[in-house]
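Heads up: the structure comes next, in structure tokens.
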Amino acid sequence: DKANFRHFMAKEIHEQPEVVGHTLARYIDMATERAVLPAELPFDFRDIQRVSITACGTANYAGHVAKYWFERFARLPVEIDVASEFRYREAPLCRGDLAIVISQSGETADTLAALRYAKEQGLHTLSVVNVPTSTIARESEVVMPTLAGPEIGVASTKAFTCQLMVLAALAVAAGRARGELSEADETKLVHGLIEVPRLMSAALATEPQIERLARDIAKRQDVLYLGRGTSYPLALEGALKLKEISYIHAEGYAAGELKHGPIALIDENMPVVVIAPFDRVFEKTVSNMQEVAARGGNIILMTDAKGAAEASVEALVNIVLPDMPSAFTPIVYAIPVQLLAYHTAVVMGTDVDQPRNLAKSVTVE
Ligand code: F6R
């Protein structure tokens, strides 16, 4: 049931404040303001030397964001792999370490194979899945359900932000368990997470502006997405979302990589979506924006009020999101990224919920 929406994808984008709120309530104890670890965890985070995160597509980008969180909050080294690479690259793994797999469907063939491989190597396994009855859920030692509810649109939206919420809470809990976060640090982070559903609702208010922007983007051949830090995986996600449903070629890059190649593409026909909340790497991203502006590129800046005021470049459009603690911006900035892909596809007249050549669940290699 699409409720009053034209597509499942639109409904699922709009559901996010609610479903992410459910996920939050599951993994954050509101009374104690602490992140909740799954009951009877078969390992102690203090004994883990390294975490391997494996997933495909959008789920992989959620894992990529989580790498920054685990490393920052828990001082835990994380390797992030696409499942099809992880399963064949013969990575040296240490018994007793932790493998995390992330999958909406819980049936993705490569991700399942990666899980089985990690298990064979003696790793503890934890899965973040949306379908609790899935094969991946059944075969993992620990399951953390994402509680997004059924996701019908082929392009993943609400499953992604719920994955991020689960992983954020887990990284905070790991930070506490390893003695890397003080009680005050944890409280601060938890307060930040509690705000997320409300901020996501506020982010949905950018929709009319994004709808107008989409009419322009629909005329373009290529789009570049840039971000730094946790906004980097979101740039990858933005490009994936746009290409899979609108069929416009898009690429995501770490902003600092611009001058190592992709800058050659910049001219007055190239829209560049810059995802840059006013955080500790903002100034660095601004210098990349200046490089784009100097070559006539059209900047679409996703930022907050402070960022819009400080950016000092001429942007085609500023999409201004609410102020928030910088750690968790990807969960909120996912919304304008998804809306831009969605509305561009609607203008293009593609089959948004069932884009060509794609399947919701990829059960073959
Ligand atoms: C992109 C998308 C895919 C999936 C990927 C993994 O919008 O939906 O990239 O994220 O196929 O699927 P799951 O999460 O089911 O393992």
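The UniProt record's numbering applies: residue 244 is where the sequence shown begins, and numbers increase by one.
Positions of the beta carbon are idealized from the N, C-alpha and C atoms, including for glycine.
Given residue i as reference, the closest of the options once Cα atoms are compared
i: Val279; options: Met408, Ala357, Ile543; result: Met408
i: Ala478; options: Met567, Glu487, Pro573; result: Pro573
i: Phe251; options: Val415, Asp594, Gly472, Leu601; result: Asp594
i: Asp290; options: Thr266, Cys337, Lys245, Gln259; result: Cys337
i: Glu333; options: Gly472, Tyr360, Leu601; result: Tyr360
i: Arg523; options: Glu382, Leu319, Pro375, Lys549; result: Lys549
i: Val439; options: Ala357, Leu369, Tyr576; result: Tyr576
i: Ile488; options: Thr473, Ala461, Gly470; result: Ala461
i: Gly504; options: Glu557, Leu483, Val535; result: Val535
i: Val529; options: Gly539, Pro514, Gly499, Val374; result: Gly499
i: Thr389; options: Ser370, Thr378, Glu382, Ile395; result: Ser370
i: Gly481; options: Ile578, Glu526, Gly472, Ser604; result: Ile578
i: Leu432; options: Gln597, Ala246, Gly264, Phe571; result: Phe571
i: Ile395; options: Met513, Glu255, Gly495, Ala507; result: Glu255
i: Ala268; options: Asp459, Val590, Ile506, Leu436; result: Leu436
i: Glu511; options: Ala537, Leu319, Asp340; result: Ala537
i: Leu362; options: Met567, Val590, Val415, Arg381; result: A small correction: the amino acid at residue 362 is Lys; Leu does not occupy that position in the sequence shown. Taking only the C-alpha atoms, the option nearest Lys362 is Arg381.
i: Pro335; options: Ala352, Ser348, Leu366; result: Leu366
i: Val516; options: Ala253, Gln364, Tyr475; result: Tyr475
i: residue 624; options: Pro375, Val372, Leu284; result: Shown here, the chain extends from 244 to 608; a query on residue 624 therefore has no answer.
i: Tyr270; options: Asp244, Val415, Pro375, Ser348; result: Val415
i: Arg318; options: Ile343, Ala342, Phe288, Glu557; result: Phe288
i: Met513; options: Ala554, Leu483, Tyr468; result: Tyr468
i: Leu585; options: Leu483, Val372, Ala342, Gly472; result: Rather than Leu, the amino acid found at residue 585 in this sequence is Tyr. For Tyr585, the nearest C-alpha among the options comes from Leu483.
i: Met567; options: Glu314, Ala352, His434, Val263; result: His434
i: residue 609; options: Tyr304, Val589, Val321, Pro565; result: The first residue shown for the chain is 244 and the last is 608, placing residue 609 beyond what the model contains.
i: Leu557; options: Ile543, Val563, Leu564; result: According to the sequence as given, residue 557 is Glu; it is not Leu. Answer by Cα proximity: Ile543.
i: His265; options: Thr378, Gly495, Thr404; result: Thr404
i: Thr376; options: Pro393, Asn600, Ala246; result: Pro393
i: Leu447; options: Gly422, Gln533, Leu564; result: Leu564
i: Thr473; options: Gln464, Phe313, Asp596; result: Phe313
i: Ala305; options: Asn247, Ala551, Pro320, Thr400; result: Thr400
i: Glu580; options: Arg249, Ala253, Glu526, Ile506; result: Note on identity: in this sequence residue 580 is Val, with Glu being the wrong assignment. Val580 has its Cα closest to that of Ala253, out of Arg249, Ala253, Glu526, Ile506.
i: Arg249; options: Val263, Pro320, Gly592; result: Gly592
Secondary structure of residue i, DSSP reduced to three states
i: Asp244; result: coil
i: Arg277; result: strand
For residue j and residue i, believed in contact at Cβ under 8 Å, the rounded distance
i: Leu485; j: Ala497; result: Contact doesn't hold; Cβ gap of about 18 Å is too wide.
i: Ile323; j: Gln406; result: Actually they do not touch by this definition, with Cβ atoms about 13 Å apart.
i: Ala417; j: Phe316; result: 7 Å
i: Asn561; j: Thr546; result: 7 Å
i: Ala391; j: Ala398; result: Actually they do not touch by this definition, with Cβ atoms about 13 Å apart.
i: Pro281; j: Met387; result: 6 Å
i: Leu582; j: Thr449; result: 7 Å
i: Glu350; j: Thr606; result: 5 Å
i: Ile509; j: Gly540; result: 4 Å
i: Ile491; j: Thr587; result: 7 Å
i: Val372; j: Leu341; result: Their Cβ separation, rounded to whole angstroms, is 16 Å, which puts Val372 and Leu341 out of contact at 8 Å.
i: Ser348; j: Ser604; result: 4 Å
Proximity test, Cβ basis, 8 Å: residue i and chain D
i: Tyr585; result: Absence of chain D from the displayed structure is noted, only one protein chain being present.
query = In chain order, which alpha helix (DSSP H) runs of at least 4 residues are fully inside the UniProt domain "SIS" (456-598)?
reply = Complete alpha helix (DSSP H) runs here, min 4: 474-489, 525-537, 548-553, 572-591.
query = Counting pairs of Cβ atoms below 8 Å between the region 409-425 and the region 308-317, do you hit three or more?
reply = Contact holds: three or more Cβ-Cβ distances are below 8 Å.
query = Where are the alpha helix (DSSP H) runs, 4 residues long or more, that stay fully inside the UniProt domain "SIS" (284-423), in chain order?
reply = Counting only unbroken stretches of 4 or more residues, the alpha helix (DSSP H) elements lying wholly within the UniProt domain "SIS" (284-423) are 300-317, 326-329, 352-363, 378-382, 401-420, in sequence order.
ask   = Are the region 320-328 and the region 425-438 touching, with three or more C-beta to C-beta distances below 8 Å?
value = Touching, no.
key: contact_flag[the region 297-304, the region 275-289] where n(CB pairs < 8 Å) is 3 or more   = With a cut-off of 8 Å, the region 275-289 and the region 297-304 do not count as touching, because too few Cβ pairs lie within range.
message = Any contact between the region 435-450 and the region 249-268? By contact I mean 3 or more CB pairs, one from each, below 8 Å.
response = Here the region 435-450 makes contact with the region 249-268; the two share three or more CB pairs at distances below 8 Å.
inquiry  = Three or more C-beta pairs under 8 Å: does that hold for the region 451-461 against the region 347-357?
reply    = The count of Cβ pairs closer than 8 Å, one atom from the region 451-461 and one from the region 347-357, stays below three, leaving the stretches out of contact.
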